[in-house]
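Contents: one structure, followed by commentary.
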Amino acid sequence: MTQRSSVMRWGQAALGVLALGAGLAQAGPYSDDLAKCLVESTTAADKNALVKWMFATAALHPAVKSIASVTEAERAEITRSTAQLFEKLLTVSCRAQAQQAVKYEGAAAVQTGFQMLGQVAARELFTDPGVTRGLGELEKYVDSGKIEQALAPRQ
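Residues -3 to 151 in the working numbering are what the sequence shown lists, from first letter to last.
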């Protein structure tokens, strides 16, 4: 396998981890270093762009397609810009960490690093005051008495 196809495979694996929410691979010291670098090398705008990409991709699912309006042109632009971000992170910002992680822990280390970046970006999304308020609205419709009764220990 050529180095170019190997790099493409790592990039595709990273994209897949973010897009599919795959389970966290076993982290080692080198993948931890890569994850730290990825998180530290992305700005708030980068993380917001990553969340937009995850949303635009998830909007393709039949269960939400009818309530999400992302045009093909918008999705293509968002995907292109996310690919450029991933490329910059792996080839410039975190190149040394990525090389070490792959050398000592394999391509799964890249998956681990990008999954951590995705988790940080999602955490920032869900801590936004508007999103937090929206999540809190669920309480209006939940019958807490039913839940307490269902979870109470039986005697």
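Glycine included, each C-beta is placed from N, C-alpha and C at the ideal position.
On the criterion of 16 or more Cβ atoms from any shown chain inside 10 Å, does residue i qualify as buried, or is it exposed?
| i | result |
| --- | --- |
| residue 122 | exposed |
| residue 67 | exposed |
| residue 27 | buried |
| residue 74 | buried |
| residue 141 | exposed |
Using the three-state DSSP reduction, which class does residue i fall into: helix, strand or coil?
| i | result |
| --- | --- |
| residue 60 | helix |
| residue 87 | helix |
| residue 139 | coil |
| residue 35 | helix |
| residue 67 | coil |
| residue 109 | helix |
Closer than 6 Å by C-beta to residue i: which residues in its own chain qualify, once you throw out the five before and the five after it? Chain order, please.
| i | result |
| --- | --- |
| residue 153 | In this structure the chain extends from -3 to 151, so residue 153 is not present and cannot be described. |
Between which residues of its own chain and residue i is the CB-CB distance below 7 Å, once the five residues before and five after are set aside?
| i | result |
| --- | --- |
| residue 54 | 60 |
| residue 42 | 81 |
| residue 90 | 30, 33, 34 and 37 |
Using C-beta distances below 8 Å, list every residue in its chain close to residue i, excluding the 5 sequence neighbours before and after it, in chain order.
| i | result |
| --- | --- |
| residue 131 | 122 |
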